[in-house]
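**Student:**
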Amino acid sequence: MERRTKRQASFSENIVGSLKTVVNMRKSLQVRLRTNRSISTEGSKVYKTNLLLIGTVTSSSLSKTFVDASINPGPAEIVQKYLIKGLCSVGLKSIEVISAPRIPAYPKTTVKRVQADEWSIGQAKIHSVGFNNLDGFGFIDRAKKIKKAALQWAKRYEKEAKTVLIYSMHSPFLEAAQEIKRIHPKTVVAIVIPDLPQYMSVQKGLKKFLKEWDMEKIKRLMACVDKYVLYTKYMADYFHLSTDKWTVLEGLMDVSKIVPNDLPKDRERPICMYAGRLDVRYAIDKLIEAFGMIPEVDLQLYGSPSDAAKLRGLIDDSENVSYMGTLSQDDVFERMREVDLLINPRPTDIDLSKYSCPSKTFEYMASGTPVLMTKLPGLPEEYYPYLYFFEEESVNGFSKGIKEVIGYSKEQRHEKGRKAQEFLQAEKNAYSQVKRIIEFVCQ
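Position 107 (the sequence shown) corresponds to 108 in the working numbering; numbering is contiguous.
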């Protein structure tokens with residue numbers, strides 16, 4: 002009798018799970034239909050230019066290789082896929098992508114060589130170049146392969162209008178664009194700048210010298226750029242740009258990924274989550290210490306630990322903090338949807354915060370789970386109503402903010418997450434954002 006009851010309970014749970022899946026699929030389809038109707042009514046202007054995007058987007062097979070090697074491609078990977086999907090919908094003559102993933106060199110990783118790959122997203126043809134990944138040789142080989150592929154693209158459209166869009170201030174990408182422009186002077190070169198490279202990592206010794214040398218090279222190569230797409234308005238001051246040279250894009254979202262979230266499950270211990278780079282510069286150590294003051298709440302950490310030794314010690318000493326490792330972007334997004342609160346403790350007083358608007362914020366908001374974060378200077382005020390903010394950036398301040406938000410009813414938190422999703426869907430979808438970029442670049 003007891004065994005039969007268990008089977009019945011299991012059967013009921015399976016039925017409920019299946020029904021939830023069907024409901025979510027229906028909701029996702031409704032979002033897609035709304036988006037498609039919106040796109041179809043925006044007009045059908047065709048831009049008479051062939052566009053080449055140079056970036057770091059990876060195919061599913063390459064992504065699996067990197068995840069298996071504990072390499073986290075990072076949020077830039079997601080944004081570029083959304084960018085490509087948006088480019089496919091705005092009426093360009095043709096779209097091609099040259100991709101060269103940026104990963105640590107061997108022997109820091111087990112990947113000695115990155116294999117070439119051909120794939121597509123919509124009408125965009127993507128060529129991921131293969132290159133040697135040995136320390137000291139990989140950077141040079143990768144740059145050569147990027148330039149060769151870019152010049153082959155320019156040759157195919159020799160007598161036609163061309164636009165090169167670069168994702169990030171990376172010298173091999175800029176070298177390729179500069180060479181195209183030297184041979185084909187009428188080519189328009191635009192660059193998307195999500196952050197400033199000199200603020201993204203701390204180097205010492207020879208690597209610091211090489212980083213500084215590369216930055217000087219980048220500054221010279223930037224002379225070939227005609228239009229700038231910046232993640233924050235403060236970047237325009239940094240580059241001393243006139244108003245006709247730049248526009249702001251703090252991020253974009255593929256709305257087909259936005260599915261309304263269910264109310265959080267009833268559980269004894271609320272679960273909070275941080276996904277991203279585990280770096281003490283981003284106050285991850287303070288966040289871990291803050292959870293020592295709220296033992297009734299759990300914290301899950303996802304991502305690559307750049308400060309592994311220090312953070313591992315803190316995690317091991319914390320009963321309610323768990324390091325969950327490096328997962329694929331899709332898996333991380335699903336985990337975001339399942340927890341009670343998403344957290345970003347990045348300090349507001351470091352230069353990096355002024356010159357970046359983390360793509361993590363978009364992913365967090367898209368999940369439908371409420372977000373608690375610091376009020377980063379690069380974040381536009383229009384986002385404020387859809388987020389919770391820490392009032393103080395300290396261990397005590399973090400613990401106080403987490404306690405306060407977790408203390409709200411689950412209905413109140415769920416409503417905050419739902420409104421954040423709606424905001425992204427209406428105002429920051431990939432189509433409307435990319436359409437604005439292309440109008441700016443091609444004007």
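Cβ coordinates follow ideal geometry from the N, Cα and C atoms, glycine included.
Relative to the C-alpha of Ile122, which residue among Ala284, Gln81, Val115 is closest?
**Tutor:** If we check each option's Cα against that of Ile122, Gln81 comes out closest.
**Student:** Could you tell me the alpha carbon to alpha carbon distance between Lys145 and Thr375, rounded to whole angstroms?
**Tutor:** Straight-line Cα distance between these residues: approximately 41 Å.
**Student:** Using the Cα positions of Tyr142 and Asp215, report the straight-line distance between them to the nearest angstrom.
**Tutor:** The sequence shown places Asp at residue 142, not Tyr. If you take the alpha carbons of Asp142 and Asp215, they lie about 16 Å apart.
**Student:** Does Lys266 pass the burial test, meaning 16 or more other C-beta atoms within 10 Å, or should it be called exposed?
**Tutor:** Its Cβ having fewer than 16 others within 10 Å, Lys266 is exposed.
**Student:** Can you check whether the CB of Ile104 is closer than 8 Å to the CB of Leu175?
**Tutor:** The answer is no: Cβ separation not under 8 Å.
**Student:** Taking all protein chains shown into account, do 16 or more other C-beta atoms lie within 10 angstroms of the C-beta of Val340, making it buried, or fewer, making it exposed?
**Tutor:** By the 10 Å Cβ count, Val340 comes out buried.
**Student:** In three-state terms, what does DSSP make of Pro348?
**Tutor:** Reduced to three states, the DSSP call for Pro348 is coil.
**Student:** Under the three-state reduction of DSSP, which class applies to Gln153: helix, strand or coil?
**Tutor:** In the structure shown, Gln153 sits in a helix (DSSP, three-state: H, G or I).
**Student:** Provide the residue span of the alpha helix (DSSP H) that contains His415, from first to last.
**Tutor:** Per DSSP, His415 belongs to the alpha helix (DSSP H) from 411-428.
**Student:** May I ask you to report which of helix, strand or coil DSSP gives Ser100?
**Tutor:** In the structure shown, Ser100 sits in a strand (DSSP, three-state: E or B).
**Student:** Extract the residue ranges of the alpha helix (DSSP H) inside the stretch 283-352, only unbroken runs of 4 or more that lie entirely within it.
**Tutor:** Whole alpha helix (DSSP H) segments, 4+ residues: 285-292, 309-317, 330-339.
**Student:** One question on the structure: do Met236 and Tyr356 come within less than 8 Å of each other, judged by their Cβ atoms?
**Tutor:** Yes, these two residues count as a Cβ contact at 8 Å.
**Student:** On the DSSP bridge list, what partners appear for Phe132?
**Tutor:** DSSP, once it has assigned bridges, lists Val115 as partnering Phe132.
**Student:** Roughly how many angstroms separate the alpha carbons of Cys273 and Leu343, rounded to a whole number?
**Tutor:** Roughly 6 Å separates the two Cα atoms.
**Student:** From this set, Pro378, Lys49, Lys148, which residue's C-alpha is nearest Asp350's C-alpha?
**Tutor:** Checking every option, the nearest Cα to that of Asp350 belongs to Pro378.
**Student:** Which ranges does the alpha helix (DSSP H) cover as unbroken runs of at least 4 residues, wholly within the stretch 198-284, from first to last along the chain?
**Tutor:** Runs of the alpha helix (DSSP H) inside the stretch 198-284: 206-222, 235-240.
**Student:** Using only alpha-carbon positions, find the residue among Leu52, Ala191, His185, Val189 that is nearest to Val98.
**Tutor:** Out of Leu52, Ala191, His185, Val189, Leu52 has the C-alpha closest to the C-alpha of Val98.
**Student:** Let me check one thing: in DSSP terms, what residues is Leu53 bridge-paired to?
**Tutor:** The partner list for Leu53 (beta bridge, DSSP) reads Glu97, Val165.
**Student:** Our contact map puts Leu54 next to Leu88 with C-beta atoms below 8 Å; I'd like the distance itself, whole angstroms only.
**Tutor:** The Cβ separation is near 7 Å, so the contact holds.
**Student:** Around the Cβ of Ser395, are there at least 16 other Cβ atoms within 10 angstroms (buried) or fewer (exposed)?
**Tutor:** Ser395 comes out exposed.
**Student:** Go to Met170, then tell me how far its alpha helix (DSSP H) extends in each direction, as first and last residue.
**Tutor:** It is not in any alpha helix (DSSP H) - Met170 carries neither H nor E in the DSSP assignment.
**Student:** If Ala191 sits next to Val435, beta carbons under 8 Å apart, how far is it from one beta carbon to the other, in whole angstroms?
**Tutor:** Ala191 to Val435, Cβ: 12 Å. No contact.
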